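This report refers to the structure that appears directly beneath it.
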Amino acid sequence: GAGVSQTPSNKVTEKGKYVELRCDPISGHTALYWYRQSLGQGPEFLIYFQGTGAADDSGLPNDRFFAVRPEGSVSTLKIQRTERGDSAVYLCASSESGWSTDTQYFGPGTRLTVL
Amino acid sequence: TQLLEQSPQFLSIQEGENLTVYCNSSSVFSSLQWYRQEPGEGPVLLVTVVTGGEVKKLKRLTFQFGDARKDSSLHITAAQPGDTGLYLCAGLGGGSYIPTFGRGTSLIVHP
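Those protein sequences? They're chains A and B, same order as listed. Residue 1 is where the first sequence starts when you use my numbering, and the numbers rise one by one after that. Residue 1 is where the second sequence starts when you use my numbering, and the numbers rise one by one after that.
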């Protein structure tokens with residue numbers, strides 16, 4: 001079966017622009033996570049969805065970041081008024097039910113570059 | 001915030017050598033995970049350890065969870081070029097479903 005997919009694989013944008021990053025989780029997985037990985041760092045948690053609802057958005061750095069998962073499958077991470085400091089790899093992961101014992105399966109990430 | 005320190009940050013060795021990487025924290029974790037990440041890919045879970053003092057083996061990789069559940073180590077025997085990658089540890093604490101990741105150890109194994 002297909003794993004987690006993310007599009008685009010690379011996104012270059014200019015400071016101040018709006019971007020959308022898409023994540024297709026493994027079919028049937030109810031839990032979906034977004035992380036951000038800066039160069040030389042481990043993944044940093046942004047937001048966790050259980051079904052359609054954001055169960056934990058405590059990792060979103062500010063109100064320029066927003067994510068949705070309207071039908072409980074595909075999710076979109078939206079960044080408004082991008083800044084150079086937003087440049088990073090944005091990783092998406094899904095797991096079967098969201099229990100701490102579940103394995104999270106990661107996508108390949110979207111590399112965002114803000115010029 | 002529960003911080004995980006990984007060491008060394010970088011490791012460059014020849015094929016056939018043994019190595020150990022470390023993951024340390026001042027916090028207690030209910031479980032600890034090790035992932036490997038290759039360039040352009042997301043992390044892939046290698047193992048989860050949950051009991052203090054637990055040792056798990058995965059072929060040439062040996063994982064150990066400290067008795068106090070604050071630290072862990074990964075030992076690779078007879079490293080191969082295919083072992084090259086970024087090794088990340090991640091801790092889960094107090095029922096949290098969100099792992100806290102360390103910065104990783106970047107391993108290069110030369111043929």
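Built from N, CA and C at the ideal position, the CB exists for glycine as well. Please read all numbers here as calculations on a predicted model, not as lab measurements.
Practice item. For chain A, find out if any of its Cβ atoms is closer than 8 Å to the Cβ of B/Pro8; answer yes or no. Key: no
Practice item. Using the Cα positions of A/Thr76 and B/Glu15, report the straight-line distance between them to the nearest angstrom. Key: Cα to Cα, A/Thr76 sits roughly 42 Å from B/Glu15.
Point to revise | Among A/Glu71, A/Ser97, A/Gly40 and A/Thr30, nearest to A/Val89 - alpha-carbon criterion | key: A/Gly40
Point to revise | Rounded straight-line distance, which links the Cα of B/Leu107 to that of B/Lys113 | key: It is not possible to answer for residue 113 of chain B, since the shown part of chain B is limited to 1 through 111.
Review point. Beta-carbon of A/Phe65 versus every beta-carbon of chain B: anything under 8 Å?
Key: So no, A/Phe65 is outside the interface.
**Study point:** Partner residues on chain B for A/Thr103, Cβ-Cβ distance less than 7 Å
**Key:** Leu45
Exercise for review: State the DSSP-derived secondary structure class of A/Arg84, mapped to helix, strand or coil.
Suggested key: helix
Practice item. Step through the CB atoms of chain A and report whether any lies within less than 8 Å of the CB of B/Glu15. Key: no
Practice item. Evaluate A/Tyr105 with the Cβ neighbour count: other Cβ atoms within 10 Å of its Cβ, from every protein chain shown; 16 or more gives buried, anything less gives exposed. Key: The C-beta of A/Tyr105 has 16 or more other C-beta atoms within 10 Å across all chains shown, which makes the residue buried.
Point to revise | Through-space distance from B/Ser30 to B/Gly95, alpha-carbon basis | key: Answer to the nearest angstrom: the Cα atoms are 7 Å apart.
Check your understanding: Using a beta-carbon distance below 8 Å, is A/Ser100 in contact with chain E?
Key -> Among the chains of the structure shown, chain E does not appear; the protein chains present are A and B.
Check your understanding: On the three-pair Cβ rule with 8 Å, is the stretch 56–73 of chain A touching the stretch 34–47 of chain B?
Key -> They do not touch, by the three-pair rule.
Review point. Which one or two residues does DSSP pair with A/Lys11 in a beta bridge?
Key: A/Leu112
Review point. Within this structure, are the beta carbons of B/Gly93 and B/Val28 separated by less than 8 Å?
Key: yes
Check your understanding: chain A beta carbons: is any one of them nearer than 8 Å to that of B/Phe101?
Key -> With its beta carbon less than 8 Å from one in chain A, B/Phe101 belongs to the interface.
Point to revise | Chain-ordered neighbours of B/Leu92 on chain A, where CB pairs are closer than 8 Å | key: Correct list: Ser100.
Exercise for review: Look up B/Asp67 in the DSSP assignment and say whether it is helix, strand or coil.
Suggested key: coil
Check your understanding: CA-CA distance, B/Thr84 and A/Glu71?
Key -> 38 Å
Review point. Between the C-alpha atoms of A/Gln6 and B/Phe65, what's the straight-line distance to the nearest angstrom?
Key: Each residue's alpha carbon lies about 33 Å from the other.
Exercise for review: Give me whichever residues DSSP pairs with A/Glu44 in a beta bridge.
Suggested key: A/Glu44 is bridged to A/Arg36.
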